[in-house]
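I have placed the structure first, in the form of C-alpha coordinates, so that the comments after it can refer back to it.
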Amino acid sequence: MRDETKCLHAGYHPGNSEPRVVPIVQSTTYVYDSTEEVAAVFDQPMKSLIYSRFGNPTVMAVEDKIAALEGGAGAMCTTSGQAATLLAILNICSAGDSIISTSEVYGGTINLFSSTLKKLGIECVFINKNDSDEEIGKAFRENTKAVFGETIANPALTVLDIERFARIAHEHHVPLIVDNTFATPILCKPFEFGADIVIHSTSKYMDGHAVQIGGVIVDSGKFNWANGKFPDLTEPDETYHGISYTETYGEKAYIIKARMQLMRDFGVYPAAHSAFLLNLGLETLAVRMERYCQNAMEVAHYLERSDKVESVNYPGLENNEDHGLAKKYLKGCSGVISFIIKGGKENAIKFMDSLQLASNEVHVADIRTCVLHPASETHRQLTDEQLRAAGISSGMVRLSVGLENIDDIIADLEHGLSSI
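Per this note's numbering, the sequence shown starts with residue 17, numbered consecutively.
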(Lines of atoms letter the chains of each structure in order from A and count residues from 1; the text may use other names and numbers.)
(Lines give C-alpha, C1' and ligand atoms only; values in the text may rest on other atoms or scores of the structure.)
Protein backbone atom coordinates (compact mmCIF):
# COMPACT_ATOMS: atom_id res chain seq x y z
CA MET A 1 0.00 0.00 0.00
CA ARG A 2 1.07 3.58 -0.67
CA ASP A 3 1.10 6.15 2.14
CA GLU A 4 -2.24 7.69 1.18
CA THR A 5 -3.86 4.27 1.47
CA LYS A 6 -2.03 3.38 4.69
CA CYS A 7 -3.32 6.58 6.27
CA LEU A 8 -6.85 5.28 5.74
CA HIS A 9 -6.53 1.52 6.11
CA ALA A 10 -3.39 0.49 8.06
CA GLY A 11 -3.71 -0.62 11.67
CA TYR A 12 -7.39 -1.57 11.69
CA HIS A 13 -9.09 -4.24 9.61
CA PRO A 14 -12.76 -4.72 10.52
CA GLY A 15 -14.23 -8.18 10.12
CA ASN A 16 -17.70 -9.15 9.04
CA SER A 17 -20.33 -6.80 10.59
CA GLU A 18 -17.69 -4.96 12.66
CA PRO A 19 -17.46 -1.13 12.79
CA ARG A 20 -15.93 0.51 9.71
CA VAL A 21 -14.31 3.25 11.84
CA VAL A 22 -11.81 2.44 14.60
CA PRO A 23 -14.02 2.11 17.70
CA ILE A 24 -13.27 3.83 21.00
CA VAL A 25 -12.71 1.06 23.55
CA GLN A 26 -13.38 3.10 26.68
CA SER A 27 -12.27 0.58 29.27
CA THR A 28 -9.36 0.39 31.67
CA THR A 29 -9.46 -3.37 32.11
CA TYR A 30 -10.33 -6.67 30.41
CA VAL A 31 -12.14 -9.76 31.71
CA TYR A 32 -10.86 -13.36 31.78
CA ASP A 33 -12.59 -16.64 32.47
CA SER A 34 -10.07 -17.97 34.96
CA THR A 35 -7.34 -16.99 37.40
CA GLU A 36 -4.94 -19.17 35.42
CA GLU A 37 -5.50 -17.10 32.28
CA VAL A 38 -4.85 -13.83 34.13
CA ALA A 39 -1.68 -15.28 35.64
CA ALA A 40 -0.48 -16.32 32.19
CA VAL A 41 -0.81 -12.74 30.95
CA PHE A 42 1.17 -11.43 33.92
CA ASP A 43 3.88 -13.93 33.02
CA GLN A 44 3.78 -12.79 29.39
CA PRO A 45 2.11 -9.33 29.10
CA MET A 46 2.20 -9.36 25.29
CA LYS A 47 0.01 -12.48 25.26
CA SER A 48 -3.20 -10.41 25.37
CA LEU A 49 -4.73 -7.27 26.85
CA ILE A 50 -4.98 -6.99 30.61
CA TYR A 51 -4.90 -3.31 31.57
CA SER A 52 -5.00 -0.09 29.54
CA ARG A 53 -1.74 1.18 31.02
CA PHE A 54 -0.04 -1.39 28.76
CA GLY A 55 -2.33 -1.44 25.76
CA ASN A 56 -5.79 -0.54 24.52
CA PRO A 57 -7.39 -1.69 21.22
CA THR A 58 -8.03 1.87 19.99
CA VAL A 59 -4.51 3.03 20.80
CA MET A 60 -2.97 -0.14 19.38
CA ALA A 61 -4.71 0.40 16.04
CA VAL A 62 -3.08 3.84 15.84
CA GLU A 63 0.30 2.40 16.88
CA ASP A 64 0.10 -0.16 14.08
CA LYS A 65 -0.85 2.52 11.56
CA ILE A 66 2.10 4.74 12.50
CA ALA A 67 4.49 1.77 12.44
CA ALA A 68 3.24 0.93 8.94
CA LEU A 69 3.71 4.52 7.75
CA GLU A 70 7.27 4.67 9.12
CA GLY A 71 8.13 1.14 7.99
CA GLY A 72 8.90 0.02 11.54
CA ALA A 73 8.60 -3.26 13.41
CA GLY A 74 6.40 -1.77 16.13
CA ALA A 75 5.32 1.42 17.86
CA MET A 76 4.18 2.63 21.27
CA CYS A 77 2.09 5.74 21.82
CA THR A 78 2.66 8.03 24.80
CA THR A 79 0.83 10.94 26.39
CA SER A 80 3.14 13.57 24.82
CA GLY A 81 6.12 14.02 22.54
CA GLN A 82 8.27 14.79 25.57
CA ALA A 83 7.23 11.48 27.13
CA ALA A 84 8.20 9.69 23.91
CA THR A 85 11.63 11.34 23.93
CA LEU A 86 12.17 10.52 27.61
CA LEU A 87 11.20 6.85 27.30
CA ALA A 88 13.16 6.42 24.07
CA ILE A 89 16.31 7.42 25.97
CA LEU A 90 15.56 5.68 29.29
CA ASN A 91 14.87 2.44 27.44
CA ILE A 92 18.60 2.10 26.74
CA CYS A 93 20.26 4.47 29.24
CA SER A 94 20.87 4.27 32.98
CA ALA A 95 22.64 6.51 35.48
CA GLY A 96 26.26 6.83 34.40
CA ASP A 97 25.49 6.62 30.67
CA SER A 98 25.87 9.31 28.01
CA ILE A 99 24.09 10.37 24.83
CA ILE A 100 24.99 12.71 21.97
CA SER A 101 22.51 15.21 20.52
CA THR A 102 22.66 17.88 17.88
CA SER A 103 22.21 21.31 19.44
CA GLU A 104 19.60 22.25 16.81
CA VAL A 105 16.64 20.62 18.55
CA TYR A 106 13.44 21.72 20.26
CA GLY A 107 13.97 23.84 23.38
CA GLY A 108 12.03 21.42 25.58
CA THR A 109 14.27 18.60 24.39
CA ILE A 110 17.38 20.64 25.19
CA ASN A 111 16.07 21.22 28.71
CA LEU A 112 15.16 17.54 29.11
CA PHE A 113 18.62 16.43 27.99
CA SER A 114 20.74 19.10 29.70
CA SER A 115 18.87 19.36 33.01
CA THR A 116 16.40 16.59 33.82
CA LEU A 117 18.46 13.70 32.43
CA LYS A 118 21.51 15.17 34.15
CA LYS A 119 19.67 14.87 37.49
CA LEU A 120 19.08 11.22 36.64
CA GLY A 121 22.79 10.72 36.04
CA ILE A 122 22.64 10.64 32.24
CA GLU A 123 25.01 13.01 30.43
CA CYS A 124 24.18 14.68 27.12
CA VAL A 125 26.97 15.97 24.89
CA PHE A 126 25.67 18.55 22.41
CA ILE A 127 27.31 18.87 19.01
CA ASN A 128 26.69 20.99 15.92
CA LYS A 129 25.23 19.01 13.06
CA ASN A 130 27.79 20.58 10.72
CA ASP A 131 30.75 19.45 12.82
CA SER A 132 33.18 17.16 11.01
CA ASP A 133 33.08 13.40 11.51
CA GLU A 134 36.27 13.72 13.53
CA GLU A 135 34.79 16.40 15.81
CA ILE A 136 31.63 14.38 16.35
CA GLY A 137 33.74 11.30 17.06
CA LYS A 138 35.40 13.11 19.96
CA ALA A 139 31.98 13.45 21.65
CA PHE A 140 31.66 9.67 22.06
CA ARG A 141 32.48 8.11 25.41
CA GLU A 142 32.81 4.51 26.46
CA ASN A 143 29.34 4.90 28.02
CA THR A 144 27.64 6.60 25.01
CA LYS A 145 24.39 4.78 24.24
CA ALA A 146 22.67 6.83 21.50
CA VAL A 147 22.83 9.70 19.02
CA PHE A 148 19.81 12.01 18.70
CA GLY A 149 18.69 14.55 16.09
CA GLU A 150 15.61 16.04 14.42
CA THR A 151 14.80 15.52 10.74
CA ILE A 152 13.74 19.17 10.46
CA ALA A 153 14.84 21.02 13.58
CA ASN A 154 12.32 23.05 15.60
CA PRO A 155 12.58 26.03 15.18
CA ALA A 156 16.02 26.28 13.49
CA LEU A 157 14.65 24.32 10.47
CA THR A 158 18.02 22.76 9.74
CA VAL A 159 17.90 19.37 8.03
CA LEU A 160 19.69 16.38 9.55
CA ASP A 161 22.05 14.39 7.34
CA ILE A 162 20.47 11.13 8.47
CA GLU A 163 22.71 8.76 6.52
CA ARG A 164 25.84 10.44 7.85
CA PHE A 165 24.71 10.45 11.46
CA ALA A 166 23.50 6.85 11.19
CA ARG A 167 26.90 5.82 9.86
CA ILE A 168 28.73 7.62 12.66
CA ALA A 169 26.41 6.16 15.31
CA HIS A 170 26.79 2.65 13.94
CA GLU A 171 30.58 2.95 13.77
CA HIS A 172 30.38 3.40 17.55
CA HIS A 173 27.81 0.58 17.91
CA VAL A 174 24.94 2.80 19.12
CA PRO A 175 21.54 3.61 17.57
CA LEU A 176 20.47 6.83 15.87
CA ILE A 177 17.21 8.23 17.30
CA VAL A 178 15.44 10.72 15.03
CA ASP A 179 12.60 13.06 15.94
CA ASN A 180 10.55 13.07 12.73
CA THR A 181 7.78 15.37 13.96
CA PHE A 182 8.00 18.15 11.36
CA ALA A 183 8.58 15.88 8.38
CA THR A 184 6.18 13.06 9.31
CA PRO A 185 6.58 9.77 7.42
CA ILE A 186 4.82 11.41 4.47
CA LEU A 187 7.82 13.65 3.76
CA CYS A 188 10.63 11.49 5.17
CA LYS A 189 11.11 7.92 6.39
CA PRO A 190 14.30 8.00 8.48
CA PHE A 191 14.53 4.20 8.64
CA GLU A 192 15.21 4.16 4.90
CA PHE A 193 18.36 6.20 5.56
CA GLY A 194 19.70 4.15 8.47
CA ALA A 195 17.96 5.56 11.56
CA ASP A 196 17.06 2.99 14.21
CA ILE A 197 14.38 4.64 16.39
CA VAL A 198 11.92 7.36 15.35
CA ILE A 199 9.85 9.50 17.69
CA HIS A 200 7.08 12.03 17.08
CA SER A 201 5.10 14.59 18.91
CA THR A 202 1.77 13.43 17.48
CA SER A 203 0.26 16.71 18.71
CA LYS A 204 1.69 18.38 15.60
CA TYR A 205 1.09 17.40 11.97
CA MET A 206 -0.11 13.87 12.72
CA ASP A 207 -3.02 15.26 14.74
CA GLY A 208 -3.15 18.49 12.75
CA HIS A 209 -6.20 19.92 14.50
CA ALA A 210 -4.82 20.92 17.92
CA VAL A 211 -7.18 18.59 19.78
CA GLN A 212 -4.88 16.09 21.53
CA ILE A 213 -1.43 15.94 23.09
CA GLY A 214 0.50 12.79 22.32
CA GLY A 215 3.71 11.15 21.25
CA VAL A 216 4.94 7.91 19.74
CA ILE A 217 8.10 5.79 19.61
CA VAL A 218 8.67 3.65 16.52
CA ASP A 219 11.22 0.84 16.42
CA SER A 220 12.86 -0.06 13.10
CA GLY A 221 13.60 -3.57 14.39
CA LYS A 222 16.98 -3.44 12.64
CA PHE A 223 19.50 -2.44 15.31
CA ASN A 224 21.70 -5.15 16.84
CA TRP A 225 21.02 -4.76 20.56
CA ALA A 226 23.12 -7.85 21.26
CA ASN A 227 26.40 -6.11 20.41
CA GLY A 228 27.53 -6.04 24.05
CA LYS A 229 26.61 -2.42 24.87
CA PHE A 230 22.98 -2.99 25.92
CA PRO A 231 22.80 -5.65 28.66
CA ASP A 232 19.34 -4.44 29.74
CA LEU A 233 17.99 -5.82 26.48
CA THR A 234 19.98 -9.04 26.43
CA GLU A 235 20.32 -10.06 30.09
CA PRO A 236 17.38 -11.56 32.03
CA ASP A 237 14.88 -9.01 33.34
CA GLU A 238 14.07 -10.16 36.85
CA THR A 239 10.97 -7.93 36.93
CA TYR A 240 9.51 -10.16 34.21
CA HIS A 241 10.52 -13.66 35.24
CA GLY A 242 13.98 -13.51 33.70
CA ILE A 243 12.91 -12.66 30.15
CA SER A 244 15.70 -11.69 27.74
CA TYR A 245 14.06 -9.21 25.36
CA THR A 246 16.37 -9.95 22.44
CA GLU A 247 16.02 -13.72 22.81
CA THR A 248 12.27 -13.68 23.36
CA TYR A 249 11.13 -10.91 21.03
CA GLY A 250 13.84 -10.62 18.37
CA GLU A 251 13.38 -7.56 16.16
CA LYS A 252 10.75 -6.11 18.54
CA ALA A 253 13.01 -6.31 21.60
CA TYR A 254 13.40 -2.53 22.03
CA ILE A 255 9.75 -1.52 21.68
CA ILE A 256 8.44 -4.40 23.82
CA LYS A 257 10.94 -3.60 26.58
CA ALA A 258 9.69 0.01 26.47
CA ARG A 259 6.12 -1.19 26.94
CA MET A 260 6.66 -3.96 29.49
CA GLN A 261 9.18 -2.08 31.61
CA LEU A 262 8.89 1.69 31.18
CA MET A 263 5.19 2.02 30.37
CA ARG A 264 4.51 -0.26 33.31
CA ASP A 265 6.49 2.00 35.64
CA PHE A 266 5.73 5.48 34.22
CA GLY A 267 2.19 4.87 32.97
CA VAL A 268 2.26 7.57 30.27
CA TYR A 269 -0.16 5.75 27.96
CA PRO A 270 -2.76 7.83 26.09
CA ALA A 271 -6.49 7.52 26.54
CA ALA A 272 -8.56 5.72 23.91
CA HIS A 273 -10.40 8.92 23.00
CA SER A 274 -7.12 10.75 22.36
CA ALA A 275 -6.02 7.94 20.04
CA PHE A 276 -9.37 8.09 18.24
CA LEU A 277 -8.86 11.80 17.56
CA LEU A 278 -5.28 11.19 16.47
CA ASN A 279 -6.47 8.57 14.00
CA LEU A 280 -8.84 11.06 12.39
CA GLY A 281 -5.86 13.35 11.83
CA LEU A 282 -3.73 10.53 10.44
CA GLU A 283 -6.40 9.67 7.88
CA THR A 284 -5.86 13.01 6.11
CA LEU A 285 -2.13 13.38 6.82
CA ALA A 286 -0.92 12.70 3.28
CA VAL A 287 -3.35 15.17 1.74
CA ARG A 288 -2.63 17.87 4.33
CA MET A 289 1.16 17.60 4.12
CA GLU A 290 1.06 18.28 0.38
CA ARG A 291 -0.95 21.49 0.88
CA TYR A 292 1.17 22.65 3.85
CA CYS A 293 4.27 22.40 1.67
CA GLN A 294 2.66 24.25 -1.23
CA ASN A 295 1.42 27.12 0.93
CA ALA A 296 4.69 27.42 2.83
CA MET A 297 6.75 27.66 -0.34
CA GLU A 298 4.64 30.56 -1.60
CA VAL A 299 4.85 32.31 1.77
CA ALA A 300 8.63 31.82 1.89
CA HIS A 301 9.02 33.49 -1.53
CA TYR A 302 6.75 36.34 -0.42
CA LEU A 303 8.76 36.97 2.75
CA GLU A 304 12.01 36.92 0.76
CA ARG A 305 10.74 39.88 -1.26
CA SER A 306 9.84 42.01 1.80
CA ASP A 307 12.17 44.87 2.78
CA LYS A 308 11.02 44.40 6.41
CA VAL A 309 12.52 40.91 6.58
CA GLU A 310 16.21 40.37 7.20
CA SER A 311 16.29 36.70 6.23
CA VAL A 312 14.03 33.72 5.61
CA ASN A 313 14.86 30.20 6.72
CA TYR A 314 13.03 27.48 4.82
CA PRO A 315 14.85 24.42 3.46
CA GLY A 316 12.72 24.49 0.32
CA LEU A 317 14.39 27.72 -0.84
CA GLU A 318 17.27 27.16 -3.22
CA ASN A 319 19.53 29.59 -1.35
CA ASN A 320 19.04 27.75 1.96
CA GLU A 321 22.21 26.11 3.25
CA ASP A 322 20.38 22.82 3.79
CA HIS A 323 18.53 22.82 0.46
CA GLY A 324 20.69 19.97 -0.81
CA LEU A 325 19.90 17.86 2.24
CA ALA A 326 16.22 18.72 1.86
CA LYS A 327 16.24 17.47 -1.74
CA LYS A 328 17.94 14.25 -0.62
CA TYR A 329 15.77 13.40 2.36
CA LEU A 330 12.46 15.24 2.03
CA LYS A 331 9.51 15.10 -0.35
CA GLY A 332 8.57 18.55 0.93
CA CYS A 333 9.74 20.84 3.72
CA SER A 334 6.54 21.01 5.81
CA GLY A 335 4.62 24.17 6.60
CA VAL A 336 6.97 25.72 9.16
CA ILE A 337 9.07 28.77 8.27
CA SER A 338 11.31 30.86 10.46
CA PHE A 339 12.29 34.38 9.51
CA ILE A 340 14.05 37.30 11.11
CA ILE A 341 12.40 40.70 11.12
CA LYS A 342 14.62 43.76 10.90
CA GLY A 343 14.73 45.67 14.18
CA GLY A 344 14.84 42.64 16.47
CA LYS A 345 12.43 41.67 19.20
CA GLU A 346 10.42 44.91 19.31
CA ASN A 347 9.50 44.80 15.63
CA ALA A 348 8.89 41.05 15.73
CA ILE A 349 6.33 41.54 18.49
CA LYS A 350 4.71 44.47 16.63
CA PHE A 351 4.34 42.26 13.58
CA MET A 352 2.85 39.36 15.51
CA ASP A 353 0.41 41.50 17.50
CA SER A 354 -0.89 43.08 14.27
CA LEU A 355 -1.85 39.81 12.61
CA GLN A 356 -5.58 39.21 12.27
CA LEU A 357 -5.83 35.75 10.71
CA ALA A 358 -2.81 33.98 12.19
CA SER A 359 -3.00 33.02 15.85
CA ASN A 360 -0.25 33.91 18.33
CA GLU A 361 -0.06 30.62 20.17
CA VAL A 362 2.35 28.10 21.63
CA HIS A 363 1.68 25.50 18.98
CA VAL A 364 2.81 24.55 15.51
CA ALA A 365 1.71 22.33 12.63
CA ASP A 366 -1.98 23.11 12.94
CA ILE A 367 -4.49 23.35 10.08
CA ARG A 368 -4.73 27.04 11.02
CA THR A 369 -1.84 29.46 10.52
CA CYS A 370 -0.09 30.39 13.76
CA VAL A 371 2.98 32.34 14.84
CA LEU A 372 5.34 32.24 17.79
CA HIS A 373 8.34 34.20 19.10
CA PRO A 374 10.74 31.43 20.23
CA ALA A 375 13.21 33.61 22.15
CA SER A 376 10.54 34.90 24.53
CA GLU A 377 8.11 31.96 24.47
CA THR A 378 9.01 28.29 23.86
CA HIS A 379 12.76 28.74 24.29
CA ARG A 380 12.77 31.41 27.01
CA GLN A 381 14.34 28.97 29.49
CA LEU A 382 17.53 28.80 27.40
CA THR A 383 20.61 30.94 27.92
CA ASP A 384 21.78 33.33 25.19
CA GLU A 385 24.50 30.83 24.32
CA GLN A 386 21.97 27.99 24.03
CA LEU A 387 19.70 30.20 21.91
CA ARG A 388 22.54 30.91 19.50
CA ALA A 389 23.45 27.20 19.38
CA ALA A 390 19.82 26.41 18.55
CA GLY A 391 19.87 29.03 15.78
CA ILE A 392 17.46 31.44 17.45
CA SER A 393 17.78 35.24 17.36
CA SER A 394 15.69 37.90 19.12
CA GLY A 395 13.99 38.91 15.88
CA MET A 396 13.09 35.40 14.81
CA VAL A 397 9.44 34.52 14.22
CA ARG A 398 8.32 30.93 13.75
CA LEU A 399 5.44 30.83 11.29
CA SER A 400 3.39 27.68 10.89
CA VAL A 401 1.54 28.04 7.61
CA GLY A 402 -1.94 26.54 7.71
CA LEU A 403 -4.45 25.38 5.13
CA GLU A 404 -6.28 28.66 4.59
CA ASN A 405 -6.39 30.12 1.09
CA ILE A 406 -2.88 31.29 0.27
CA ASP A 407 -4.08 34.76 -0.74
CA ASP A 408 -5.64 35.26 2.70
CA ILE A 409 -2.47 34.10 4.45
CA ILE A 410 -0.27 36.49 2.49
CA ALA A 411 -2.71 39.38 2.97
CA ASP A 412 -2.51 38.85 6.74
CA LEU A 413 1.29 38.80 6.68
CA GLU A 414 1.30 41.97 4.61
CA HIS A 415 -0.93 43.67 7.18
CA GLY A 416 1.41 42.61 9.97
CA LEU A 417 4.55 43.79 8.19
CA SER A 418 2.92 47.16 7.42
CA SER A 419 2.71 47.83 11.17
CA ILE A 420 6.49 48.03 11.45
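Glycine included, C-beta positions come from ideal geometry on N, C-alpha and C.
Every unbroken stretch of the alpha helix (DSSP H) spanning 4 or more residues and falling wholly within the region 23–86 is given here in chain order: 51–59, 73–86.
Non-local beta-carbon contacts of Ser68 in its own chain, meaning distances under 6 Å to residues more than five positions away in sequence, involve Thr44 in chain order.
Between Glu320 and His339, the alpha-carbon positions lie close to 16 Å from each other.
Per DSSP, the beta bridge partners of Met92 are Ile233. Assignment of Asn127 by DSSP, reduced to helix, strand and coil, places it in the helix class. When DSSP reads this structure, Ala381 sits in no beta bridge, so it has no partner.
Fewer than three beta-carbon pairs drawn from the region 250–259 and the region 218–234 are found closer than 8 Å, and the two stretches are therefore not classed as touching.
Taken atom to atom, the span from the alpha-carbon of Phe156 to that of Glu150 is near 11 Å.
With respect to the C-alpha of Pro286, the residue from Lys63, Ser64, Tyr28, Ala77 having the closest C-alpha is Ala77. Counting the other Cβ atoms within 10 Å of the Cβ of Glu166 gives 16 or more, which makes it buried. Here Val38 really is in contact with Phe292; their C-beta atoms are around 6 Å apart, less than 8 Å.
For His389, no beta strand (DSSP E) segment is defined, and its DSSP state is neither H nor E. In this structure, Ile271 sits away from Gly87, with a CB-CB distance that is not shorter than 8 Å.
Take Leu192, set aside five residues on each side of it, and the residues of its chain with a beta-carbon closer than 7 Å to its own are Val163, Phe181, Ala182, Ala185, Gly210, Ala211, Asp212, in chain order. With respect to the C-alpha of Ile425, the residue from Glu306, Lys343, Glu393, Gln310 having the closest C-alpha is Gln310.
Only exposed fits Met17, as fewer than 16 other CB atoms lie within 10 angstroms of its CB.
The closest CA to that of Lys347, considering only Lys154, Ile143, Ala169, Ala199, is found on Ala199. Within the DSSP secondary-structure output, His186 pairs in no beta bridge. When the Cα atoms are used, Pro206 and Ser50 turn out to be separated by approximately 44 Å.
Judged by DSSP secondary structure, Lys358 falls outside any beta strand (DSSP E); it is assigned neither H nor E.
Assigned with DSSP and collapsed to three states, Phe239 falls in coil, not helix or strand. Counting C-beta atoms within 10 angstroms of its own C-beta, Asp223 has 16 or more neighbours from the protein chains shown and is therefore classed as buried.
With respect to the C-alpha of Thr21, the residue from Ile408, Gly258, Leu298 having the closest C-alpha is Leu298. Annotation: the continuous alpha helix (DSSP H) that includes Val303 extends over 301–320. Under the three-state reduction of DSSP output, His289 falls in the helix class. Counting the other CB atoms within 10 Å of its CB gives Asn421 a total below 16, which places it among the exposed residues. Considering only Pro201, Ala99, Met305, Cys140, the residue with the shortest C-alpha distance to Ile116 is Cys140. Counting other Cβ atoms within 10 Å of its Cβ, Phe58 stays below 16 and is therefore classed as exposed.
Residues Leu419 of the same chain have their beta carbon placed closer than 6 Å to that of Arg307, with the five preceding and five following residues left out of the count. Segment contact: the region 129–147 against the region 99–111, three or more CB-CB distances shorter than 8 Å; contact assigned. Counting along the chain, Asp248 sits inside the alpha helix (DSSP H) bounded by residues 247–250. By the criterion of a C-beta distance shorter than 8 Å, Gly359 is surrounded in its chain by Gly411, Ile436, once the five residues flanking it on both sides are discounted. When the beta-carbon positions are compared, Ile178 and Val194 come within less than 8 Å of each other.
Close CB contacts of Ser416 within its chain, under the 7 Å cut and outside five residues either way in sequence, are with Gly351, Val352, Val380, Ala381, Asp382, Thr385, Cys386 (chain order). Pairing Arg396 with Pro171 gives a Cβ-Cβ distance that is not under 8 Å. Counting the other Cβ atoms within 10 Å of the Cβ of Pro35 gives fewer than 16, which makes it exposed.
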